[in-house]
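S.K.: As they're listed, the protein sequences go chains A and B. Here full-length UniProt numbering is used: the first residue of the first sequence is 1, the next is one more, and so on. Here full-length UniProt numbering is used: the first residue of the second sequence is 1, the next is one more, and so on.
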Amino acid sequence: MSNAKLPATTKKSKGDEITSGGSQDYVTMTIADQLFGIPVLQVQDVLGHQRITRIPLAPPEVAGSLNLRGRIVTAIDVRLRLGLTSRPKDKPGMSIVVDLRGELYSLMVDSVGEVLSLSNDDFERNPATLDPRWREVSTGIYRLNGQLMVVLDVPRLLNFTTMEAA
Amino acid sequence: MDDLLSEFLTETNENLSVLDVELVRLEQNPNNPELLSNIFRLVHTIKGTCGFLGLPRLEKVAHASENVLGKFRDGELTINPEAVSLILQALDTIKSLLAVLEATEAEPPGDDLPLIERLNLCAEGKLGSGAAPAKPAPAPEPPPAPAVAAAEVAPASSGNLTLDELEAIWNSTPGPTSTALAPVAAEPAEEPAPSHDLVVPDPDPVPAAAKMPAPAADAASGAGAGGEAATKESAVAAQTIRVNVDLLENLMTMVSELVLTRNQLLQILRSQKESEFAAPLQRLNHVTSELQEGVMKTRMQPIGNAWAKLPRLVRDLSHELGKKIDLQMLGADTELDRQVLELIKDPLTHMVRNSADHGLEVPADRVRSGKSETGRITLNAYHEGGHIIIEIQDDGKGLAIDRIKQKAIQNGMASEGELAAMSDQQIIQFIMKPGFSTAAKVTNVSGRGVGMDVVKTNIEKIGGTIEIKSQQGKGSTFVIKIPLTLAIVSALIVECAGERFAIPQISVVELVRAAADSEHTIERLKGTPVLRLRNRLLPLVSLQELLRLDDQEGGEKKTDETFIVVTQVGTYTFGIMVDRVFDTEEIVVKPVAPILRHIEMFSGNTILGDGSVIMILDPNGIASATGEMAMGETASKEATSVQATRQEDKMALLLFRAGAGAPKAVPLSLVARLEDVDLASVESSNGMPVVQYRGKLMPLVPIDPGFMIGQEGRQPVLVFADGDRSMGLIVDEIVDIVEERLVVQLTADRPGLMGSAIIAGKATDVLDAGFFLTQAYKDWFGSSSTDAYEEERALQRVLLVDDSPFFRNLLTPLLSVAGYDVTAVENANEALALCEAGEDFDVIVSDIEMPGMSGFDFAEAVRQGGTRWSGTPMVALSSHASPRDLDRGRQAGFTDYVAKFDRDALLYALQQTLSEQKGAA
Numbered sequence: 001m002s003n004a005k006l007p008a009t010t011k012k013s014k015g016d017e018i019t020s021g022g023s024q025d026y027v028t029m030t031i032a033d034q035l036f037g038i039p040v041l042q043v044q045d046v047l048g049h050q051r052i053t054r055i056p057l058a059p060p061e062v063a064g065s066l067n068l069r070g071r072i073v074t075a076i077d078v079r080l081r082l083g084l085t086s087r088p089k090d091k092p093g094m095s096i097v098v099d100l101r102g103e104l105y106s107l108m109v110d111s112v113g114e115v116l117s118l119s120n121d122d123f124e125r126n127p128a129t130l131d132p133r134w135r136e137v138s139t140g141i142y143r144l145n146g147q148l149m150v151v152l153d154v155p156r157l158l159n160f161t162t163m164e165a166a
Numbered sequence: 001m002d003d004l005l006s007e008f009l010t011e012t013n014e015n016l017s018v019l020d021v022e023l024v025r026l027e028q029n030p031n032n033p034e035l036l037s038n039i040f041r042l043v044h045t046i047k048g049t050c051g052f053l054g055l056p057r058l059e060k061v062a063h064a065s066e067n068v069l070g071k072f073r074d075g076e077l078t079i080n081p082e083a084v085s086l087i088l089q090a091l092d093t094i095k096s097l098l099a100v101l102e103a104t105e106a107e108p109p110g111d112d113l114p115l116i117e118r119l120n121l122c123a124e125g126k127l128g129s130g131a132a133p134a135k136p137a138p139a140p141e142p143p144p145a146p147a148v149a150a151a152e153v154a155p156a157s158s159g160n161l162t163l164d165e166l167e168a169i170w171n172s173t174p175g176p177t178s179t180a181l182a183p184v185a186a187e188p189a190e191e192p193a194p195s196h197d198l199v200v201p202d203p204d205p206v207p208a209a210a211k212m213p214a215p216a217a218d219a220a221s222g223a224g225a226g227g228e229a230a231t232k233e234s235a236v237a238a239q240t241i242r243v244n245v246d247l248l249e250n251l252m253t254m255v256s257e258l259v260l261t262r263n264q265l266l267q268i269l270r271s272q273k274e275s276e277f278a279a280p281l282q283r284l285n286h287v288t289s290e291l292q293e294g295v296m297k298t299r300m301q302p303i304g305n306a307w308a309k310l311p312r313l314v315r316d317l318s319h320e321l322g323k324k325i326d327l328q329m330l331g332a333d334t335e336l337d338r339q340v341l342e343l344i345k346d347p348l349t350h351m352v353r354n355s356a357d358h359g360l361e362v363p364a365d366r367v368r369s370g371k372s373e374t375g376r377i378t379l380n381a382y383h384e385g386g387h388i389i390i391e392i393q394d395d396g397k398g399l400a401i402d403r404i405k406q407k408a409i410q411n412g413m414a415s416e417g418e419l420a421a422m423s424d425q426q427i428i429q430f431i432m433k434p435g436f437s438t439a440a441k442v443t444n445v446s447g448r449g450v451g452m453d454v455v456k457t458n459i460e461k462i463g464g465t466i467e468i469k470s471q472q473g474k475g476s477t478f479v480i481k482i483p484l485t486l487a488i489v490s491a492l493i494v495e496c497a498g499e500r501f502a503i504p505q506i507s508v509v510e511l512v513r514a515a516a517d518s519e520h521t522i523e524r525l526k527g528t529p530v531l532r533l534r535n536r537l538l539p540l541v542s543l544q545e546l547l548r549l550d551d552q553e554g555g556e557k558k559t560d561e562t563f564i565v566v567t568q569v570g571t572y573t574f575g576i577m578v579d580r581v582f583d584t585e586e587i588v589v590k591p592v593a594p595i596l597r598h599i600e601m602f603s604g605n606t607i608l609g610d611g612s613v614i615m616i617l618d619p620n621g622i623a624s625a626t627g628e629m630a631m632g633e634t635a636s637k638e639a640t641s642v643q644a645t646r647q648e649d650k651m652a653l654l655l656f657r658a659g660a661g662a663p664k665a666v667p668l669s670l671v672a673r674l675e676d677v678d679l680a681s682v683e684s685s686n687g688m689p690v691v692q693y694r695g696k697l698m699p700l701v702p703i704d705p706g707f708m709i710g711q712e713g714r715q716p717v718l719v720f721a722d723g724d725r726s727m728g729l730i731v732d733e734i735v736d737i738v739e740e741r742l743v744v745q746l747t748a749d750r751p752g753l754m755g756s757a758i759i760a761g762k763a764t765d766v767l768d769a770g771f772f773l774t775q776a777y778k779d780w781f782g783s784s785s786t787d788a789y790e791e792e793r794a795l796q797r798v799l800l801v802d803d804s805p806f807f808r809n810l811l812t813p814l815l816s817v818a819g820y821d822v823t824a825v826e827n828a829n830e831a832l833a834l835c836e837a838g839e840d841f842d843v844i845v846s847d848i849e850m851p852g853m854s855g856f857d858f859a860e861a862v863r864q865g866g867t868r869w870s871g872t873p874m875v876a877l878s879s880h881a882s883p884r885d886l887d888r889g890r891q892a893g894f895t896d897y898v899a900k901f902d903r904d905a906l907l908y909a910l911q912q913t914l915s916e917q918k919g920a921a
């Protein structure tokens, strides 16, 4: 269990608007060989493989729930959320824990990379031709050396149809 | 100091400091209605509590301030600095009165007429109202204007005042006079802006009071009291600390984490045979467990704590309103989260007050409409599914739909047309709107329209709902449903298809193992599984199918063995099929994530001791998902089984051996649990052996007083429990459980034994559990004497009506020993059913506090109904035996009235009653 705890900040402001000039810090991760990023301030924790309790009758994207230091965290399979196939069983995977309106969610991804400080000049809106499912959960794309990084919008990522049914 | 008083002081002081800040903010933002209504409510609360505690002087000041604030709220007055400082002054007066109250536990004599007059003037709009200038000095109307300034300027113009007036002003403006003096004196010459200065220095009277060198004799007492109060205040503060619930919450999380780490450590330890860490880890283990329990406890409180004030409140209300009110509180030990408790405390008080004020009629009206003079308010709290339900019920006139309509039109909340289209239920909802009050006049008690909207907001804040049922002429019921969030419940852990789930223990009736080789097998009716259980068909629900679980653990299905959790929801009983049943565990219910809330099968989730997350099943959800079949049928079956509790029927008896002589027996229903105590864990306290049991000390009592407890090994113990208390009776060996009719043949003269009976073909001593209970706790019953009662043994028939199974089981053997033929029923309705069934009794013994029909109503029903029982003497059993209750009991038709726990008195009363009856016959 590799718990790389990031700077202890209890309340995080979500979705800082990206302005021109200056730079933003992102935690990067890979899902199906694609690079994704989440603003670092929204990230609570990075977890290794966890024991997850399945939740019957829950939406397919909800992988289950896990115990993070006494708090119950809902695990979301980001692969399924992005319309990809689920991860092969033999790969352990990692998770990024984010906070949304006081609730913790654990985003299950293939692997978590590093924290990158990216210049706003490299930021671009989603291409209009992007898969609608991805467009819905992404705020834009960063042009990096040799690859593109998709910025995930946490509130929208966690807002699947059933969510407001509560 | 009186608990009530000290709580009032803490609370009011807190409220006052909030008020200080809020008032200043209000002055800066006069158009903020939220701020204003908050202030209004705070003052209203202070006034209310003062009234109930019988503090007229405080109440008057608060009442006058509230009037002014009320005018602000209704927009009749505009908020201006003068009025605000006046109210702040009133608050200061309240503070100084509180200081004296804290020091002497009584209000200081005297009154605050000058202040109240000014407040009233202000409320009438004659003071600083409307366009009146901000500065007091150039105000157009001479008399009121100096009055505003009087307090501040008083010492300067003292030459014109008599000593009495000066003292009055001194009382009303305790400290800040000196601080406020300078700006006031300077002010008239300056521009209007500094008028704020009048207000700002006020809020902190303590330093000012300390500054006072006490020049005059009169002043000395005041200042002295103030100084004393300052030291006293710290004394009160030292006993209780108010801790932010968030802090507790954090603590709880940390402790949970600690527990998990501990568990991991223990796991590692188990894998190592010899380790020097063993002893310290064991200690860590204990400390952690205790810490966890302690932290949990800080959050949980019985709801009775929120009710503690109510009897007093109702008593005072009944005097004030000239009504006769009987307050019944049931389920006071239902535990709920402290935070929730705090939030429902005020709403409950409001609602009880409303019921007393608006709901119940005056005695004359009640008699006219054919009810008893005394109105009843019943509070009932209980767990149901994942919720805590609190019912506030009154038998008053019910909500007046017409009046609500009128008022709604008057307040412009709805038009007549709209109202015509609404159902009664919708109309009732208006009473929850802010500013709504149907009471014809604004009384001291209620009627300002702060009540129900606060109630609603507070309850909704904690995710609860409130439901109103009203029946014209019959009374109204408010049902508050609060989710069980954070409340600790005991849950049964089960497994199904490799997943574990928790089922709240409260809805589990029993567990049945069904297998091919056992006496229970699952049968199928067109695919629907059912189980024959004691000659009834129990519908079954497969958890695996219900939750659409696919077997992950390979295809190996253990179809040969299934466990059935028999679950009861309301009157619907059904079985949940699971693969395995584990232990029960105390769990803290946590709400599920918002994205999962639509799944009605779960009431929450929790973290178990081993750190895994587990979903908590909601029996209500499962019941409604599988259809609530057979409701009516089950209910009727239950009704026909009333007779089953007749004493003639067999009784389960626990046989055991202890000491020399015959085997001993005790009714099984009296025994809460059978335990095996490790003698090494027995400690001694107060010369009595005790053992730590479920976080409490449980005294151990041997049957033979000379019995010495060994040092080692294990000893079987019968645990008797009633409410909070438990007692362990040390026995040598538990022999058997038999069902026999208990007929005590010989009475014993040895204390602790009721007598002998033939049980399982052998002469057996029947134990008097009551005797041993009193050995453990002297006050378990009112009386501890255990003489043998050798009075006339002609079998006289006694009907015992008591809702508590404990007392039913205790009194039944007691009375049968005393030579009565006892029939015990659970409630008045069952008793009346027996009456209709043609049973006759020589005497009826009835409890007073019972859910549903109370003992009083029961007696009236028996007496007035012209039934065959109308001549049967009745003895009331009650834990309250005040003269008022006695009177009431007599009026209702009881022949005698006995305190509940006084067994001698009961037997004496029965004997008296019966011999009188004989004499009369």
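Each residue gets a CB set at the ideal place from its N, CA and C atoms; glycine is no exception. If you're wondering where the values come from, they're calculated on a predicted model, not measured in any experiment.
#1: Residue ranges of each alpha helix (DSSP H) run of no fewer than 4 residues wholly in the stretch 48 to 102 of chain A, ordered along the chain?
#2: What does DSSP give as the partner residue(s) for I94 (chain B) in the beta ladder?
#3: By the 10 Å Cβ neighbour count, where 16 or more other Cβ atoms means buried, how is H286 (chain B) classified, buried or exposed?
#4: For R868 (chain B), name the three-state secondary structure that DSSP assigns.
#5: Are the stretch 33 to 46 of chain A and the stretch 90 to 105 of chain A touching, with three or more C-beta to C-beta distances below 8 Å?
#6: Listing by chain order, which chain A residues have their CB less than 8 Å from the CB of R548 (chain B)?
#7: Please list, in chain order, all residues of the same chain as L313 (chain B) whose beta carbon is under 6 Å from its beta carbon, the five residues on each side excluded.
#8: Which residues in the same chain as E675 (chain B) place their Cβ atom closer than 6 Å to its Cβ, once the five residues preceding and following it in sequence are excluded?
#9: Would I614 (chain B) count as contacting chain A if we go by Cβ distances under 8 Å?
#10: Just verifying my parser: in three-state terms, what is the DSSP assignment at Y908 (chain B)?
#11: State the Cα-Cα distance for the pair I87 (chain B) and A64 (chain B), rounded to the nearest angstrom.
#12: Within this structure, are the beta carbons of L80 (chain A) and A32 (chain A) separated by less than 8 Å?
#13: Taking only the alpha-carbon atoms, compute the straight-line gap between residue 982 (chain B) and G687 (chain B) and give it to the nearest angstrom.
#14: I need the straight-line Cα distance from N145 (chain A) to V151 (chain A), nearest angstrom please.
#15: What does the Cβ neighbour count give for S915 (chain B), buried or exposed, with the cut at 16 atoms within 10 Å?
#16: Measure the Cβ-Cβ separation of F563 (chain B) and V581 (chain B) and say whether it is below 8 Å.
#17: Report buried or exposed for N120 (chain A), applying the criterion of at least 16 other Cβ atoms within 10 angstroms of its Cβ.
#18: Roughly how many angstroms separate the alpha carbons of F656 (chain B) and D395 (chain B), rounded to a whole number?
#19: For D62 (chain A), which residues in chain B fall below 9 Å Cβ to Cβ?
#20: Counting only C-beta atoms, is G93 (chain A) closer than 8 Å to chain B at any point?
#21: For the alpha helix (DSSP H) that P123 (chain B) lies in, which residues bound it at each end?
#22: A165 (chain A) CB to nearest chain B CB: under 8 Å?
#23: Counting only beta-carbon atoms, is T253 (chain B) nearer than 8 Å to chain A?
#24: Determine the contact status of V62 (chain A) and S106 (chain A), defining contact as a CB-CB distance below 8 Å.
#25: DSSP three-state label for H383 (chain B), please.
#26: Quick one, which of B:L91, B:S846 and B:P813 has its alpha-carbon nearest V825 (chain B)'s?
#27: If I measure Cβ to Cβ from G22 (chain A) and keep anything under 7 Å in the same chain, skipping five residues before and after, which residues do I get?
#28: Which same chain residues end up closer than 7 Å to D424 (chain B) when comparing Cβ atoms and leaving out the 5 residues on each side of it in sequence?
#29: Can you tell me where the alpha helix (DSSP H) holding F72 (chain B) begins and where it ends?
#30: Counting only beta-carbon atoms, is E136 (chain A) nearer than 8 Å to chain B?
#31: Which residues of chain A have a Cβ atom closer than 7 Å to the Cβ of I607 (chain B), listed in chain order?
M.R.: Short version:
#1: Segments of the alpha helix (DSSP H) lying fully in the stretch 48 to 102 of chain A: 78 to 81.
#2: Residue mapping note: residue 94 (chain B) aligns to position 94 of the second sequence, counting from 1. Under DSSP, I94 (chain B) forms no beta bridge with any residue.
#3: Here residue 286 (chain B) is taken as the residue at index 286 of the second sequence, counted from 1. By the 16-neighbour rule on beta-carbons within 10 angstroms, H286 (chain B) is exposed.
#4: Position 868 of the second sequence holds residue 868 (chain B). Here R868 (chain B) sits in coil by DSSP.
#5: Counting Cβ pairs under 8 Å, three or more are found: they touch.
#6: Position 548 of the second sequence, counting from 1, holds the residue named residue 548 (chain B). By Cβ distance, chain A contributes P56 and L57.
#7: Taking the second sequence and counting its residues from 1, the one referred to as residue 313 (chain B) is at position 313. Taking C-beta separations shorter than 6 Å and ignoring five residues to either side along the sequence, the partners of L313 (chain B) in its chain run F52, following chain order.
#8: Counted from its first residue, the second sequence places residue 675 (chain B) at position 675. The beta carbon of E675 (chain B) sits closer than 6 Å to those of V717 and V719, all from its chain and outside the five residues before and after it, given in chain order.
#9: Taking the first residue of the second sequence as 1, we reach residue 614 (chain B) at position 614. At least one chain A Cβ lies under 8 Å of I614 (chain B).
#10: As a first step, residue 908 (chain B) must be located in the second sequence, where it is residue number 908. Three-state result, Y908 (chain B): helix.
#11: Numbered from its first residue, the second sequence carries residue 87 (chain B) at position 87. Numbered from its first residue, the second sequence carries residue 64 (chain B) at position 64. Note on geometry: alpha-carbon atoms of I87 (chain B) and A64 (chain B) lie some 9 Å from one another.
#12: To locate residue 80 (chain A), count along the first sequence from 1; it is residue 80. To locate residue 32 (chain A), count along the first sequence from 1; it is residue 32. No, the pair does not count as a contact, with Cβ atoms beyond the cut-off.
#13: Past the edges of chain B, shown from 1 to 921, lies residue 982 (chain B), and the structure says nothing about it.
#14: Locating residue 145 (chain A) in the first sequence gives position 145, where the first residue counts as 1. Locating residue 151 (chain A) in the first sequence gives position 151, where the first residue counts as 1. If I take the Cα positions, the gap works out to 16 Å.
#15: Walking along the second sequence from the start, residue 915 (chain B) turns up at place 915. Of the residues assessed, S915 (chain B) falls on the exposed side of the cut-off, its CB having fewer than 16 other CB atoms within 10 angstroms.
#16: Here residue 563 (chain B) refers to the residue found at position 563 of the second sequence. Here residue 581 (chain B) refers to the residue found at position 581 of the second sequence. When the beta-carbon positions are compared, F563 (chain B) and V581 (chain B) come within less than 8 Å of each other.
#17: The residue given as residue 120 (chain A) occupies position 120 in the first sequence. That one is exposed.
#18: Position 656 of the second sequence holds residue 656 (chain B). Position 395 of the second sequence holds residue 395 (chain B). Approximately 49 Å, taken between the alpha carbons.
#19: Residue mapping note: residue 62 (chain A) aligns to position 62 of the first sequence, counting from 1. The sequence as given places Val at residue 62 (chain A); Asp does not occur at that position. Going along chain B in sequence order, the residues near V62 (chain A) (Cβ under 9 Å) are A593, I595 and L596.
#20: For this step, residue 93 (chain A) is matched to residue 93 along the first sequence. No, G93 (chain A) lies away from the interface with chain B (no Cβ there is under 8 Å from its Cβ).
#21: As a working note, residue 123 (chain B) is residue 123 in the second sequence. As written in the sequence, residue 123 (chain B) is Ala, which differs from the Pro given in the question. Following the DSSP letters along the chain, one finds A123 (chain B) inside the alpha helix (DSSP H) bounded by residues L113 to A123.
#22: For the purposes of this step, residue 165 (chain A) is taken as the residue at position 165 of the first sequence. Since pLDDT at A165 (chain A) reaches only 37, below the 50 mark, its modelled position is unreliable, and the value read off the structure follows with that caveat. Yes, because at least one Cβ of chain B sits closer than 8 Å to the Cβ of A165 (chain A).
#23: For the purposes of this step, residue 253 (chain B) is taken as the residue at position 253 of the second sequence. Yes, contact with chain A.
#24: On the first sequence, position 62 is the one that residue 62 (chain A) refers to. On the first sequence, position 106 is the one that residue 106 (chain A) refers to. No; because the gap between Cβ atoms is not below 8 Å, this pair is not in contact.
#25: Start at 1 with the first residue of the second sequence, and residue 383 (chain B) comes out as number 383. The three-state secondary structure of H383 (chain B), taken from DSSP, is strand.
#26: Taking the first residue of the second sequence as position 1, residue 825 (chain B) is located at position 825. Out of B:L91, B:S846 and B:P813, B:S846 has the C-alpha closest to the C-alpha of V825 (chain B).
#27: On the first sequence, position 22 is the one that residue 22 (chain A) refers to. Scanning its chain for C-beta atoms nearer than 7 Å, with the 5 sequence neighbours on each side dropped, one finds around G22 (chain A) the residues N120, in chain order.
#28: Sequence index remark: in the second sequence, residue 424 (chain B) carries index 424 (1-based). The beta carbon of D424 (chain B) sits closer than 7 Å to those of I401, all from its chain and outside the five residues before and after it, given in chain order.
#29: Within the second sequence, numbered from 1, the residue matching residue 72 (chain B) stands at position 72. Per DSSP, F72 (chain B) is one residue of the alpha helix (DSSP H) stretching across P56 to R73.
#30: Residue 136 (chain A) sits at position 136 when you count from the first residue of the first sequence. Not a single CB atom of chain B sits nearer than 8 Å to the CB of E136 (chain A).
#31: To locate residue 607 (chain B), count along the second sequence from 1; it is residue 607. What I607 (chain B) touches in chain A: N67, G70 and I72.
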